[in-house]
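Using UniProt numbering, you'd call the opening residue of the sequence shown number 1 and step up by one each time.
A virtual CB, placed ideally from N, CA and C, is assigned to each residue, including glycine.
Notes follow once the structure below has been shown.
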Amino acid sequence: MPTRATKRGDDRTPLDLDCDVLICGASFAGLTVARELASSPARPRVVVVDRYEIGERQTSACAVPRPWLELLGLTDAILQEFGSITAHTARDAFEWELPEPFVTFDYGTLCRLLAAQGSFAFETAKVEGRGPAGSSPGAPLTVLTDRGPVRAPLVVDALGWRRVLAPAAEAAIQPPEAYLSRGLEVHPPGRSDELALYLDPRYVPDGYSWSFPAGDEVRVGVGSFDPHHHVKDPTLRLVEDLGREPEGFQGNWIPHRLRPATGDAVFFVGDSAGHCLPLTAEGIRPAFHFGIALGRELRHVVEGRQTREQALRRYASLSAQKDPAYRWLLRLQRLVGGIVPHRRTLTAALRATTPAPVARRAWSAYLGTLPASRWSDGPSDAGPTVGARPADPQGPAVAPEVEVVGAARPVGVPGD
């Protein structure tokens with residue numbers, strides 16, 4: 001079980017910082033934003049705050065299309081690769097060939113590799129909310145943590161579905177009365193070559209279950225589209241049916257509806273903006289996609305090419321442009337949830353999508369909603385390889401001179 005890393009005792013030094021960019025949450029999305037800022041000639045002072053150490057708290061099955069890890073130079077984290085995915089019902093199995101391979105990866109390794117491409121000060125602290133806001137356009141915002149305030153004109157909420165920094169006027173969402181799915185996963189030791197989904201009402205009537213091999217462990221879990229449906233017992237049932245032991249529990253609420261990507265001068269990314277895809281609960285690919293998009297908008301601000309207000313409008317628009325795709329996936333989620341209990345209808349639907357040409361078209365359309373190729377010719381460089389370091393409590397976290405390991409390379413060219 002991850003240990004909350006917020007400093008205590010003599011190590012609990014107060015925070016009272018000013019910086020150019022404050023990223024709340026060392027998530028996939030938050031670290032991707034930091035990565036995009038690292039190669040800016042403006043050398044912005046970036047602070048990342050999280051209550052856990054980087055790479056400490058896994059809440060994902062950690063599977064993603066391989067091109068995304070190639071794009072970001074993260075292939076060293078890959079544990080296993082799959083060219084197809086198999087959907088199991090209570091009686092049958094249907095295999096879909098994938099137009100691009102999916103991979104499972106080591107969470108801690110990927111987070112550390114991604115963080116190493118950023119240049120930022122890292123502090124362990126719990127973000128508690130917003131402080132007083134400045135009255136002038138572009139004025140610094142104050143974010144309150146359990147160790148003190150941090151001020152920055154550019155603030156990112158990458159903390160997850162709770163939207164800790166949401167506008168005061170926004171209605172708080174609390175599960176199960178929210179647009180959230182419910183997931184639980186265990187990580188028993190073992191090996192397998194099959195990336196598997198289970199559409200079986202024995203486990204969950206409105207959702208799906210999975211078994212994702214990752215080297216020497218298999219990530220087995222159950223996800224319910226209905227947040228009222230408890231998933232612990234179904235997870236234990238699936239693990240037993242697969243002949244494995246329930247080890248390494250982890251769970252989370254999973255957003256399945258797009259939410260405003262900006263509010264009261266704060267930028268939201270990843271689960272805090274509802275960027276997790278409905279139907280599949282795929283959150284890592286959207287975190288990378290929108291993390292890159294937001295990082296580049298913020299880079300334009302720190303380089304003086306646009307104002308914060310312009311960046312807020314542009315990023316909100318970029319996120320909202322994907323709303324039609326998210327709505328279609330949510331409709332499909334409701335459709336799938338409705339037919340899982342009906343064996344004949346489910347079998348007919350899966351059989352119809354199994355032929356290779358049909359499967360390829362369907363998966364290509366799905367993967368095309370957020371393709372890695374969208375960013376393959378982008379202007380941003382991968383940042384220098386540096387370790388995250390504590391912020392200076394006496395002033396802004398100015399990046400020191402660092403040794404660049406190898407030549408800077410364009411996004412889209414993986415590291416050695």
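- Your pair E95 and P67 does not check out as a contact, with CB atoms roughly 21 Å apart and the cut at 8 Å.
- Comparing alpha-carbon positions, the option among A93, C19, D18 and G295 lying closest to G118 turns out to be G295.
- Nearest C-alpha to G215 among P189, A166, A287 and I292: P189.
- Here DSSP, grouped into helix, strand and coil, assigns P324 to helix.
- Sequence-distant Cβ neighbours of K126 in its own chain, meaning closer than 7 Å and more than five residues away, are T6, R51, T145 and D146.
- The beta carbon of L329 sits closer than 7 Å to the beta carbons of L277, P278 and L279 from its chain, once the five residues preceding and following it are set aside; these are given in chain order.
- Listed in chain order, the non-local C-beta contacts of W210 below 6 Å within the same chain comprise L197 and G221, local neighbours out to five positions each way being set aside.
- Rounded to the nearest whole angstrom, the C-alpha separation of S135 and G160 is 28 Å.
- Within the same chain, Cβ atoms closer than 7 Å to the Cβ of A349 are found at I339, the five residues on either side in sequence being excluded.
- P41 and E303 have their alpha carbons spaced roughly 8 Å apart.
- Contact check for F120 against A29 fails: the beta carbons are separated by 8 Å or more.
- With a minimum length of 4 residues, the unbroken runs of alpha helix (DSSP H) contained wholly in the region 66-152 fall at 66-71 and 107-116.
- The region 79-90 makes contact with the region 104-111; the number of CB pairs closer than 8 Å reaches 3 or more.
- Taking C-beta atoms as the reference points, L98 and L74 fail to come closer than 8 Å.
- Listed in chain order, the beta strand (DSSP E) runs fully inside the region 174-243 are 180-186, 196-198, 207-214 and 217-224, counting runs of at least 3 residues.
- In this structure, V155 lies away from L335, with their beta-carbon atoms at least 8 Å apart.
- Across the set T262, A273, G263 and V266, the C-alpha of A273 shows the shortest separation from the C-alpha of P255.
- P213 counts as buried, since no fewer than 16 other beta carbons sit within 10 angstroms of its beta carbon.
- Straight-line measurement puts the Cα of V239 at about 6 Å from the Cα of E245.
- The Cβ atoms of D157 and G25 sit closer than 8 Å to each other.
- For W363, the uninterrupted alpha helix (DSSP H) segment begins and ends at A356 to L367.
- In this structure, Y203 and P234 form a Cβ contact; the two beta carbons are roughly 4 Å apart against a cut-off of 8 Å.
- As computed with DSSP, L154 is found in a beta bridge with V21.
- DSSP, read as helix, strand or coil, puts V33 in helix.
- Closest in alpha carbon position to E56, among L71, S39, V47 and R112, is R112.
- Looking at L141, R351, G368 and A359, the one whose alpha-carbon comes closest to that of H88 is R351.
- A distance below 8 Å separates the beta carbons of P149 and D16.
- Rounded to the nearest whole angstrom, the CA to CA distance from P132 to P140 is 10 Å.
- For R313 and P65, the gap between their C-alpha atoms comes out near 30 Å.
- Between P260 and G243, the alpha-carbon positions lie close to 43 Å from each other.
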